[in-house]
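Q: So the protein sequences, as listed, match chains A and B. The numbering used here puts the first residue of the first sequence at 1, with every later residue one more than the last. The numbering used here puts the first residue of the second sequence at 365, with every later residue one more than the last.
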Amino acid sequence: MKKKIISILSLCVISIASVIALAGCGGGVTTADVLESYNAMQEILLENDSVLNKGDTASYRNTKNYYQISYGDVVDEYIQSDDENYVDLRDYYNSVFSFAMSYVDENITVITNLKDEELNSETKRTLSDLKDSIDDFSDSIQNFVDARNRLDIYYQNNVNVANPAENSEIMARLRAFKREYVDFVDKSVQMSLNLSNSVEATGIYEDVANVRLIKNNICNKVIRVYNELYILDVGTFNFAEYQDTNAKARIQALLDELQNSMADYSSIMQLNDDNNHNELKDLTPEELDELTEMTDKFLTEMDVYVEALDGLDIQTLGVDYNNDMEEYLNRNERALIYLERVENFINISLPDFLEYLDNMVRRA
Amino acid sequence: MKKGIIFTTIILIVAAILTVVFVTLFKERDTDAVADKVISVVDEGYLSEDTDKETIEEYLNYMRSNAGASTDEVRMSINFYSAYDKLGDFYREHIIFTSYNSTYRANRDDVIGGFNTATDRAEDMVDYIVSNTAGESESWEARTWDDVRVMMFEFIEANNRAFIALGNIYPACGNSEITNNDFTTAVLNGINKHLSDYQNADETIDKNQIATNVNNMATKYLTDELVYGYLYNATWQTQIADLTTNGEQSGYYGAFMAGTL
Numbered sequence: 001m002k003k004k005i006i007s008i009l010s011l012c013v014i015s016i017a018s019v020i021a022l023a024g025c026g027g028g029v030t031t032a033d034v035l036e037s038y039n040a041m042q043e044i045l046l047e048n049d050s051v052l053n054k055g056d057t058a059s060y061r062n063t064k065n066y067y068q069i070s071y072g073d074v075v076d077e078y079i080q081s082d083d084e085n086y087v088d089l090r091d092y093y094n095s096v097f098s099f100a101m102s103y104v105d106e107n108i109t110v111i112t113n114l115k116d117e118e119l120n121s122e123t124k125r126t127l128s129d130l131k132d133s134i135d136d137f138s139d140s141i142q143n144f145v146d147a148r149n150r151l152d153i154y155y156q157n158n159v160n161v162a163n164p165a166e167n168s169e170i171m172a173r174l175r176a177f178k179r180e181y182v183d184f185v186d187k188s189v190q191m192s193l194n195l196s197n198s199v200e201a202t203g204i205y206e207d208v209a210n211v212r213l214i215k216n217n218i219c220n221k222v223i224r225v226y227n228e229l230y231i232l233d234v235g236t237f238n239f240a241e242y243q244d245t246n247a248k249a250r251i252q253a254l255l256d257e258l259q260n261s262m263a264d265y266s267s268i269m270q271l272n273d274d275n276n277h278n279e280l281k282d283l284t285p286e287e288l289d290e291l292t293e294m295t296d297k298f299l300t301e302m303d304v305y306v307e308a309l310d311g312l313d314i315q316t317l318g319v320d321y322n323n324d325m326e327e328y329l330n331r332n333e334r335a336l337i338y339l340e341r342v343e344n345f346i347n348i349s350l351p352d353f354l355e356y357l358d359n360m361v362r363r364a
Numbered sequence: 365m366k367k368g369i370i371f372t373t374i375i376l377i378v379a380a381i382l383t384v385v386f387v388t389l390f391k392e393r394d395t396d397a398v399a400d401k402v403i404s405v406v407d408e409g410y411l412s413e414d415t416d417k418e419t420i421e422e423y424l425n426y427m428r429s430n431a432g433a434s435t436d437e438v439r440m441s442i443n444f445y446s447a448y449d450k451l452g453d454f455y456r457e458h459i460i461f462t463s464y465n466s467t468y469r470a471n472r473d474d475v476i477g478g479f480n481t482a483t484d485r486a487e488d489m490v491d492y493i494v495s496n497t498a499g500e501s502e503s504w505e506a507r508t509w510d511d512v513r514v515m516m517f518e519f520i521e522a523n524n525r526a527f528i529a530l531g532n533i534y535p536a537c538g539n540s541e542i543t544n545n546d547f548t549t550a551v552l553n554g555i556n557k558h559l560s561d562y563q564n565a566d567e568t569i570d571k572n573q574i575a576t577n578v579n580n581m582a583t584k585y586l587t588d589e590l591v592y593g594y595l596y597n598a599t600w601q602t603q604i605a606d607l608t609t610n611g612e613q614s615g616y617y618g619a620f621m622a623g624t625l
């Protein structure tokens, strides 16, 4: 009996120790595993290149996005004709997706070129999350492509419908597609953020004062600002259809302001340091320290912004309370405070930081 | 017998573990209690735009020209009330984004207790003022100030206690350095110094000056533009660095503490 108890206890201790050990070393994920996942993702993208293609996107507003979504002839035409129901597919969904993917493509080698024995423990810890998010994103590609194909077939069959924007079936189909797209974009952002964390954990910024890498890392983390509000919060329901109220007008003003700041963000994101376009400054170690410190402060404020967005819960305000803030305050008495914090972040903190970042990294 | 001892020991160990688990699970780890109190006072209490505040302010404004020798006391009360308004707005917007720590724990009761007492005194004042209205003219006898001032002074003491505690909590617990930085710390410390000086001031004229300074500092400095923009404002950074380094010897000190920098 005594032996039995000791055996059971020993087994428990060994199991717990194994779990702790596995958690501590990131489940044994290597850089080769990350590369394998990345290559598998590239293959899936290639198999679906009629929908997701890399290349010149000069016809869109952002001139250096590698990834362009082909929505099908009919929808593409609406997008290029600035139809208000479709422009967000180009201005937000595709832009955020493209920037996230560009970051991954341009920076994945920072990790995959390292040998496992060169990795510090902090980087090792991040690899498991990175690999999981690449696999997650790969899994979501087919769902997105299927959703796009369903939309395309439906539009081809209904190409002659008069006033499509007033046709509830067409708009419902578009919204269903956007919901699939939200999930897809969010997974690409999560993957790029996890890569940022892995790259940062290597300590590369302390060893190599590469302004492009640092600028890319900062920009990549800032993309969360656009993803959280426009794509995750508002993109998951039909915001425009709910009651016109003061609260709705304030949120709409935030979306408009975000659109303005996206242009500034894109401009900084696209600065590069190749031989023909050496647009980036060479920063002194002191300037790099200052930039890092300011970025850390901004990212902390960004966490508060995300906390405020979660607290505000725009979807519940819209769907359950039809944008009636007075009613909503009975359930969420801090809603107005959260909204004010989001407003101050988007109207003051974000443009201040983007201007600062631009001044710091752009060659005069 | 032996089995009984083992059984009792096991029960005691389990009880001890469960106690630790429950204490850990249910102990206060957030700053909600203080945030809820601030929000309720600003949104629904005597700092909100409700009839109680209107009644007190109307009374004070009337008394400003009718309190005879007590005019300075009335002015001081008006200035403090205005300052509490601005400070309340600032903390309402920021205090929910703070983290629990020992400074929070040490000051929590002063905030809640201070606001509770101030709420009671505000209600007492409103009851008294309403029941002493002369006819329909909404004018009050000058002598009513003798009674109201007692309540008003307790109201000020209680508010000062709450706002001094908030001024201790925020710099130690604010989560973001964009909104909790050297600038906000200097401003809140400066206001706390004034509020502490009030306790030791004997002359009404000094107390009135303190109230004016607090109101000026809160009005001038606790704006969204200055608070959020400080990290990008080289001029303010230079001045605040000088103030932080040199304290009262700084050339900016006088103007800063008067709310006129």
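Cβ atoms here follow ideal geometry from the backbone N, Cα and C, with glycine treated the same way.
Within this structure, are the beta carbons of GLN441/A and ASN332/A separated by less than 8 Å?
A: Chain A is shown only over 1 to 364; residue 441/A falls outside these bounds and no answer can be derived.
Q: Within the chosen definition, does the region 223-234 of chain A reach the region 366-382 of chain B through at least 3 CB pairs nearer than 8 Å?
A: Not touching, per the Cβ criterion.
Q: Can you tell me which residues form a DSSP beta bridge with ARG362/A?
A: Against the first sequence, residue 362/A aligns to sequence position 362. DSSP, once it has assigned bridges, lists LEU280/A as partnering ARG362/A.
Q: Nearest-angstrom Cα distance between ASN303/A and ASN157/A?
A: Reading the first sequence from its first residue, position 303 is the one you call residue 303/A. Reading the first sequence from its first residue, position 157 is the one you call residue 157/A. It should be pointed out that residue 303/A corresponds to Asp in this sequence rather than to Asn. Each residue's Cα considered, the two are about 45 Å apart.
Q: Looking at the C-beta of ASP546/B, does it have a partner C-beta in chain A at a distance below 8 Å?
A: Along the second sequence, read from residue 1 onward, the residue named residue 546/B stands at position 182. No, ASP546/B lies away from the interface with chain A (no Cβ there is under 8 Å from its Cβ).
Q: Quick one: what does DSSP say VAL438/B is sitting in, helix, strand or coil?
A: As a first step, residue 438/B must be located in the second sequence, where it is residue number 74. Helix at VAL438/B.
Q: Under 8 Å Cβ to Cβ from VAL436/A, same chain only, skipping five residues before and after it: list those, please.
A: Nothing about residue 436/A can be read from this structure; chain A reaches only from 1 to 364.
Q: Does any residue of chain A bring its CB to less than 8 Å from the CB of ILE542/B?
A: Taking the first residue of the second sequence as position 1, residue 542/B is located at position 178. With 8 Å as the cut-off, ILE542/B counts as an interface residue toward chain A.
Q: Run through chain B and tell me which residues come within less than 8 Å of SER168/A, C-beta to C-beta.
A: The sequence position of residue 168/A within the first sequence is 168, counting from 1. Those do not exist, as SER168/A stays about 40 Å from chain B at its closest Cβ, beyond 8 Å.
Q: In chain B, which residues lie less than 8 Å from VAL177/A when you measure between Cβ atoms?
A: To locate residue 177/A, count along the first sequence from 1; it is residue 177. The displayed chain sequence assigns Phe, not Val, to residue 177/A. The contacting residues do not exist; PHE177/A stays about 36 Å from chain B at best.
Q: Using beta carbons (cut-off 8 Å, strictly below), is ARG513/B in contact with chain A?
A: Translated into positions along the second sequence, residue 513/B becomes position 149. So, not an interface residue.
Q: Would MET171/A pass as a contact of GLU287/A if the rule is Cβ separation under 8 Å?
A: In the first sequence, counting from the first residue as 1, residue 171/A sits at position 171. In the first sequence, counting from the first residue as 1, residue 287/A sits at position 287. Result no, Cβ atoms of MET171/A and GLU287/A do not sit closer than 8 Å.
Q: Can you tell me the Cα-Cα spacing of GLU541/B and ARG363/A, whole angstroms?
A: Reading the second sequence from its first residue, position 177 is the one you call residue 541/B. Reading the first sequence from its first residue, position 363 is the one you call residue 363/A. Going by the C-alpha atoms only, they are around 28 Å apart.
Q: Show which residues of chain B have a CB atom less than 8 Å away from the CB atom of THR300/A.
A: The residue labelled residue 300/A in the question sits at position 300 within the first sequence. Those are ASN539, SER540, GLU541, ILE542, listed as they occur along chain B.
Q: Is GLY538/B helix, strand or coil by DSSP?
A: Position 174 of the second sequence holds residue 538/B. Of the three classes helix, strand and coil, the one that applies to GLY538/B here is strand, per DSSP.
Q: May I ask you to list, following chain order, the residues of the region 439-462 of chain B that have a beta carbon less than 7 Å from some beta carbon of chain A?
A: Listed by position, the residues of the region 439-462 of chain B near chain A (Cβ gap below 7 Å) are ARG456, GLU457, ILE460, PHE461.
Q: Among the residues of its own chain, which have a CB less than 7 Å from the CB of CYS25/A, if the five just before and after it don't count?
A: Against the first sequence, residue 25/A aligns to sequence position 25. Note on CYS25/A: pLDDT 46, under 50, position unreliable in the model; the coordinate value appears next. Hits under 7 Å: LYS124.
Q: Residues of chain A with CB under 8 Å from GLY593/B, in chain order?
A: Residue 593/B sits at position 229 when you count from the first residue of the second sequence. By Cβ distance, chain A contributes ILE348, ASP352.
Q: Tell me, please, which residues DSSP counts as bridged to THR462/B.
A: In the second sequence, the residue the question calls residue 462/B occupies position 98. Bridge partners of THR462/B: GLY538/B.
Q: What residues are listed by DSSP as bridge partners for TYR67/A?
A: On the first sequence, position 67 is the one that residue 67/A refers to. The partner list for TYR67/A (beta bridge, DSSP) reads LYS54/A.
Q: Pick out the complete beta strand (DSSP E) segments inside the region 269-342 of chain A, 3 residues or longer, and give them in chain order.
A: Those beta strand (DSSP E) runs which fall completely within the region 269-342 of chain A and span 3+ residues do not exist here.
Q: Counting only C-beta atoms, is VAL399/A closer than 8 Å to chain B at any point?
A: Residue 399/A is absent from the structure shown; chain A starts at 1 and stops at 364.
Q: Assign PRO285/A to one of two classes, buried (16 or more other C-beta atoms within 10 Å of its C-beta) or exposed (fewer than that).
A: Sequence index remark: in the first sequence, residue 285/A carries index 285 (1-based). Answer is exposed; the Cβ neighbour count stays below 16.
Q: According to the neighbour-count rule (16 or more other Cβ atoms, all chains shown, within 10 Å of its Cβ), is GLN340/B buried or exposed?
A: With chain B represented from 365 up to 625, any question about residue 340/B goes unanswered, as that position is not in the structure.
Q: Grab me the residues of ASP400/B's own chain with a C-beta within less than 7 Å of its C-beta, minus the 5 sequence neighbours each way, in chain order.
A: Reading the second sequence from its first residue, position 36 is the one you call residue 400/B. Nothing meets the Cβ criterion.
Q: Whether or not the region 589-605 of chain B and the region 470-480 of chain B are in contact is what I'm after, with contact meaning three or more pairs of Cβ atoms, one per stretch, closer than 8 Å; do they touch?
A: Output reads no: the region 589-605 of chain B does not touch the region 470-480 of chain B.
Q: Does any C-beta atom of chain A lie closer than 8 Å to the C-beta of TYR562/B?
A: As a working mapping, residue 562/B is identified with position 198 in the second sequence. Not an interface residue.
Q: List the endpoints of the continuous alpha helix (DSSP H) containing ARG125/A.
A: Counted from its first residue, the first sequence places residue 125/A at position 125. Looking at the DSSP string, the run of the alpha helix (DSSP H) that includes ARG125/A is 121-157.
Q: Any heavy atom of the ligand MN within a distance shorter than 7 Å of the CB on TYR356/A?
A: This structure simply doesn't include the ligand MN, nor any ligand for that matter.
Q: So what does DSSP say about LYS115/A, is it helix, strand or coil?
A: For this step, residue 115/A is matched to residue 115 along the first sequence. LYS115/A: coil per DSSP, three-state reduction.
Q: Closer than 6 Å by C-beta to VAL110/A: which residues in its own chain qualify, once you throw out the five before and the five after it? Chain order, please.
A: In the first sequence, counting from the first residue as 1, residue 110/A sits at position 110. Correct list, in chain order: VAL199.
Q: For the candidate residues VAL319/A, THR292/A, LYS215/A, whose alpha-carbon lies nearest to that of ASP233/A?
A: Walking along the first sequence from the start, residue 233/A turns up at place 233. ASP233/A has its Cα closest to that of VAL319/A, out of VAL319/A, THR292/A, LYS215/A.
Q: With 8 Å as the threshold, decide whether the Cβ of ILE403/B is near any Cβ in chain A.
A: The count along the second sequence starts at 1 and reaches residue 403/B at position 39. Yes, ILE403/B lies at the interface with chain A (some Cβ there is under 8 Å from its Cβ).
Q: Is the CB of ASN344/A under 8 Å away from at least one CB in chain B?
A: Taking the first residue of the first sequence as position 1, residue 344/A is located at position 344. Cβ-Cβ to chain B under 8 Å: yes for ASN344/A.
Q: Consider the Cβ of ASP588/B: report whether some Cβ of chain A lies at a distance smaller than 8 Å.
A: Numbered from 1 along the second sequence, position 224 holds the residue referred to as residue 588/B. Yes, because at least one Cβ of chain A sits closer than 8 Å to the Cβ of ASP588/B.
Q: So the candidates are LEU357/A, ARG212/A, ASN197/A; which of them puts its Cα closest to the Cα of HIS367/A?
A: Chain A is shown only over 1 to 364; residue 367/A falls outside these bounds and no answer can be derived.
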